[in-house]
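Trainee: Heads up, the sequence shown is in my numbering, so the first residue is 4 and it goes up one at a time. The beta carbon of each residue, even a glycine, is placed where N, CA and C say it ideally should be. Sharing a structure, written as structure tokens. Questions coming.
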Amino acid sequence: MDIDDFSLDPGVVHLNHGSFGAVPKVVRERQGELHREFDHDPDVFYTTLLDRIAKARNEVAAFLGAEPEGTAFVANVTEGVAVALNSVPLAAGDEILVGDHAYGAVGIAARRRAELTGAKVVTVTLPGREDGDWSGEDAAEAFLGAVTPRTRLAVFDHVTSVSARLLPVERLVEGFRALGVVTIVDAAHAPGMLDVDVSGLGADFWTGNLHKWCFAPAPSGVLAVGPAWRERVEPLVVSWYQDDGFPRSVEFQGTRDYTAWLASPHGTRLLDGLGARTVRSRNAALVARGQRIVAEQVGLVPWRSDPELSMRVLRLPEGVAQTLPEAEALASELYTRHRCRAAIRPWPAAGLLRLSAQLYNQEQDYERLASALRAVLPH
Ligand SMILES: Cc1ncc(COP(=O)(O)O)c(C=O)c1O
């Protein structure tokens with residue numbers, strides 16, 4: 004597959020797959036068929052809808068190694084985390100651990116839940132915040148060492164967002180379980196990018212996006228819930244089928260567009276057909292070369308990275324993109340003057356540049372970005 008198999012603007016260098024994913028034309032076409040079916044006879048569409056959601060859910064759950072009866076479709080990780088937070092009873096004085104590399108919106112959701120329940124968010128600081136130079140062992144120590152008798156819940160990433168690092172999720176789930184702490188894993192980037200075994204991991208709640216690395220249309224994600232919690236899941240939007248319990252109680256939200264979920268197995272099937280392992284190792288190797296190219300040609304410092312990921316990070320020069328408006332201004336300049344897209348986010352001391360690799364990318368894309376960066380960054 005190459006860029007012609009996607010609807011992406013071929014005049015732009017797209018190195019930000021990690022933010023929104025990209026839908027192959029064949030998958031979008033399947034979704035288009037579903038829209039046409041709905042338009043043709045909505046009554047028929049709704050008569051078969053629940054069975055079709057269940058069938059799609061079973062297929063996606065199998066792809067992720069998750070138990071279908073413990074897996075619900077959600078719009079995205081924002082929703083998955085919100086449902087999980089809403090389902091865990093919290094009382095005044097309880098502590099919720101959230102890592103300092105957590106996705107911003109997830110931190111906001113945890114703080115809101117804390118405000119509503121009288122609980123408190125405790126931020127876990129990973130070592131090496133300035134250079135990302137921590138190992139999985141360091142991360143596990145930081146998280147597990149932050150547990151107190153009041154810790155009720157821990158929210159942590161499978162793959163961090165801005166810093167693109169892999170957390171030792173098995174170790175964390177096991178460690179927190181031993182300490183009696185409920186786990187919510189923000190696995191926004193894991194489906195498709197990593198070979199995951201959700202039921203083997205055994206987290207209380209694990210939620211990931213299908214629209215990022217599974218070639219599925221947005222919005223599509225899953226929330227996998229451990230057996231002990233399934234009957235206690237509290238949907239955020241309450242509609243029909245509450246007596247059916249999880250997962251239907253979370254999925255059905257009246258009349259809305261369910262076609263992204265129904266089309267999502269076409270994305271996972273496409274990935275399987277191409278050879279998920281081959282795609283992953285090709286993308287991981289390409290982004291590693293891309294990181295090297297940008298480091299050498301622009302003189303940026305590559306952050307420590309994990310070889311299995313399709314995303315890598317470099318540190319921008321000191322003082323650059325330290326605030327959100329500055330980061331946005333730099334990203335916008337790269338796009339308007341040089342037609343390059345990459346994730347640029349503020350970070351203490353210096354902003355971070357996150358590169359992604361997907362099948363539509365080639366080595367030249369990173370070279371084009373490097374020359375654009377040379378032109379826009381201060382000398
Ligand atoms: C780690 C992480 N969590 C959560 C999200 C939120 O995803 P969504 O906007 O699809 O809900 C993102 C998005 O990039 C992310 O990187």
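(1) Got a sec, what are the start and stop residues for the beta strand (DSSP E) Glu98 sits in?
(2) Give the straight-line distance between the Cα atoms of Glu32 and Leu358, rounded to the nearest whole angstrom.
(3) Is any heavy atom in ligand 1 found nearer than 7 Å to the beta carbon of Val86?
(4) Report the residue ranges of all alpha helix (DSSP H) runs contained in full by the segment 168-251; include only those spanning at least 4 residues, in chain order.
(5) What is the residue span of the beta strand (DSSP E) that Leu317 lies within?
(6) Please classify Thr51: is it buried, with 16 or more other beta-carbons within 10 angstroms of its beta-carbon, or exposed?
(7) Pick from Glu329, Ala334 and Ile347: whose alpha carbon is nearest that of Arg315?
(8) For my contact list, Leu213 and Pro194 are in at a C-beta cut-off of 8 Å; report their separation, rounded to the angstrom.
(9) Ser359 lies in the beta strand (DSSP E); which residues open and close that run?
(10) Check whether the Cβ atoms of Thr210 and Gly107 lie closer than 8 Å to each other.
(11) Any chance the CB of Asn79 is under 7 Å from a heavy atom of ligand 1?
(12) Using 8 Å as the threshold, is the C-beta distance between Ser138 and Leu355 below it?
(13) What did DSSP end up calling Arg344 once you bin it into helix, strand or coil?
(14) Could you tell me whether any non-hydrogen atom of ligand 1 is closer than 7 Å to the CB of Asp141?
(15) For Ser90, tell me which candidate among Leu239, Gly270, Ala279 and His43 has the shortest Cα-Cα distance.
(16) Is the distance from the Cβ of Val158 to the Cβ of Ala117 below 8 Å?
(17) For Ala75, write down the residues that DSSP places opposite it in a beta bridge.
(18) Grouping DSSP H, G and I as helix and E and B as strand, with all else coil, what is Gln160?
(19) Can you tell me the Cα-Cα spacing of Gly121 and Arg155, whole angstroms?
(20) Counting only beta-carbon separations shorter than 8 Å, does Asp198 have a partner in chain C?
(21) Look at the alpha carbon of Val80 and the alpha carbon of Val47, and state the distance between them as a whole number of angstroms.
(22) Return yes when the C-beta of Val253 is under 7 Å from any heavy atom of ligand 1, and no when it is not.
(23) Label Tyr261 either buried or exposed according to how many other C-beta atoms from any shown protein chain fall within 10 Å of its C-beta, with 16 as the threshold for buried.
(24) Looking at Ala112: is its Cβ nearer than 8 Å to the Cβ of Ala85?
(25) Closer than 7 Å: is that where the CB of Asn212 sits relative to any heavy atom of ligand 1?
(26) Taking the alpha carbon of Ser10 as the point to measure from, which residue in Tyr363, Arg340, Pro92 and Phe208 has its own alpha carbon closest?
(27) Is it true that the CB of Gly68 sits closer than 8 Å to the CB of Val188?
(28) Would you call the segment 285-292 in contact with the segment 310-324, where contact means no fewer than 3 C-beta pairs closer than 8 Å?
(29) Is the Cβ-Cβ distance between Glu366 and Arg292 less than 8 Å?
(30) Expressed to the nearest angstrom, what Euclidean distance is found between the alpha-carbon atoms of Gln256 and Arg295?
(31) Find the nearest neighbour of Val127 within the set Asp134, Glu98 and Leu265, judged by alpha-carbon distance.
(32) My guess is that Thr373 and Val304 are in contact by the Cβ rule of under 8 Å, so how many angstroms apart are they, rounded?
(33) Who are the Cβ neighbours of Val184 in its own chain at under 8 Å, not counting the five residues just before and after it?
Mentor: Let's see:
(1) Glu98 to Gly102
(2) 28 Å
(3) no
(4) 172-181, 193-196 and 201-204
(5) Met314 to Arg318
(6) exposed
(7) Ile347
(8) 6 Å
(9) Leu355 to Ser359
(10) no
(11) yes
(12) no
(13) strand
(14) no
(15) Leu239
(16) no
(17) Leu226
(18) Note that residue 160 is Asp in the sequence shown, not Gln. DSSP places Asp160 in strand when its eight states are reduced to three.
(19) 13 Å
(20) Here chain C cannot be found, since the structure has a single protein chain.
(21) 30 Å
(22) no
(23) buried
(24) yes
(25) yes
(26) Tyr363
(27) no
(28) yes
(29) yes
(30) 46 Å
(31) Glu98
(32) Rather than Thr, the amino acid found at residue 373 in this sequence is Ala. The Cβ separation is near 14 Å, so there is no contact.
(33) Leu100, Val150, Thr154, Arg155, Leu156 and Ala157
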